[in-house]
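Inspection log for the structure reproduced underneath, given as structure tokens.
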Amino acid sequence: MEKESVSLFHRLDNSNLTAHIAQLLRKMPRESISLENEEPILLTIMKKEGPTVFTHPFINEWTVNSQLFGGFLSAFNSFSGEFFSTSVDRAKFGEYTLLMYSLSPFILCYVIKGNSYVAQKRLELFAETIQQYSDLWEDILQTARVNNTIQLDQFPRLKDLINEIFEEYSIGEFITLQ
8 MEKESVSLFH RLDNSNLTAH IAQLLRKMPR ESISLENEEP ILLTIMKKEG
58 PTVFTHPFIN EWTVNSQLFG GFLSAFNSFS GEFFSTSVDR AKFGEYTLLM
108 YSLSPFILCY VIKGNSYVAQ KRLELFAETI QQYSDLWEDI LQTARVNNTI
158 QLDQFPRLKD LINEIFEEYS IGEFITLQ
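For what it's worth, the working numbering labels the leading residue of the sequence shown as 8, then goes sequentially.
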């Protein structure tokens with residue numbers, strides 16, 4: 008693995024650190040685990056070029072122009088690729104953390120407050136799971152191809168996945184899934 012072209016996140020991911028941490032946490036008494044659930048703010052699926060395909064705010068107070076936000080993320084990611092030869096996988100803006108995950112032809116972005124370790128794992132699980140449901144994945148791809156946006160009420164399986172992964176699993180339950 009060439010060090011210059013691989014992000015720290017991917018190096019850690021390849022080192023099986025996640026498995027080791029999960030194993031250690033499973034052995035610890037639940038009351039001694041000090042991790043807290045992150046506060047989910049926003050989940051976005053956007054094309055790599057910037058247009059937003061799906062936006063799901065977890066809190067009502069979060070109002071943002073999804074296309075402007077997608078354009079910002081795309082520009083930020085392009086800038087990172089151009090100058091640092093790698094895409095952005097996380098960025099911190101005050102109390103908010105943006106976690107980004109490349110899922111060709113999309114970029115997923117999960118905005119949170121709080122701990123990012125489990126939040127990153129949730130985002131990865133979400134990416135893996137939507138691809139496993141081939142009918143859902145094809146519907147998402149088709150919606151993006153015709154430049155439409157995904158309406159959650161038209162994709163009940165997507166709504167269920169978001170609920171399960173981002174809202175229902177506590178850290179303890181999430182770690183035991185790993």
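Ideal Cβ placement from N, Cα and C applies to all residues, glycine included.
Inter-residue spacing [alpha-carbon to alpha-carbon] between residue i and residue j
i: Asn154; j: Pro163; result: 20 Å
i: Leu50; j: Thr70; result: 13 Å
i: Phe133; j: Tyr140; result: 11 Å
i: Phe83; j: Lys55; result: 11 Å
i: Ser109; j: Leu130; result: 10 Å
i: Leu115; j: Leu168; result: 14 Å
i: Thr156; j: Pro64; result: 14 Å
i: Glu102; j: Gln149; result: 35 Å
i: Phe173; j: Ser111; result: 21 Å
i: Ser123; j: Leu105; result: 9 Å
i: Val118; j: Leu165; result: 18 Å
i: Gln74; j: Pro58; result: 6 Å
i: Ala26; j: Glu171; result: 22 Å
i: Gln175; j: Arg152; result: Checking the sequence, you will find Glu at residue 175 rather than Gln. Cα-Cα distance, rounded: 31 Å.
i: Leu159; j: Ile137; result: 14 Å
i: Ile40; j: Gly121; result: Only weak support is given to the placement of Ile40: the predicted model assigns it a pLDDT of 48, under 50, and the value that follows is read from those uncertain coordinates. Cα to Cα, Ile40 sits roughly 15 Å from Gly121.
i: Phe100; j: Gln161; result: 33 Å
i: Thr62; j: Ile48; result: 11 Å
i: Met107; j: Asp96; result: 5 Å
i: Lys128; j: Ser85; result: 24 Å
i: Glu89; j: Glu43; result: 35 Å
i: Glu135; j: Phe113; result: 13 Å
First and last residue of the uninterrupted alpha helix (DSSP H) at residue i
i: Leu148; result: Ser141 to Arg152
Cβ-Cβ distance between residue i and residue j below 7 Å
i: Glu45; j: Ala98; result: no
i: Val60; j: Ile66; result: no
Span of the beta strand (DSSP E), counted from its first residue to its last, around residue i
i: Ile172; result: Taken as a continuous stretch (DSSP letters only), Ile172 belongs to no beta strand (DSSP E), as it is neither H nor E.
i: Phe61; result: Thr59 to Pro64
i: Leu159; result: Taken as a continuous stretch (DSSP letters only), Leu159 belongs to no beta strand (DSSP E), as it is neither H nor E.
Residue i at chain C interface by Cβ criterion, 7 Å
i: Leu49; result: Reference to chain C is not applicable here, since this structure consists of a single protein chain.
Inset, instruction - May I ask you to verify whether the stretch 142 to 151 touches the stretch 75 to 89, counting CB pairs closer than 8 Å and requiring at least 3? - result: No: fewer than three Cβ pairs fall under 8 Å.
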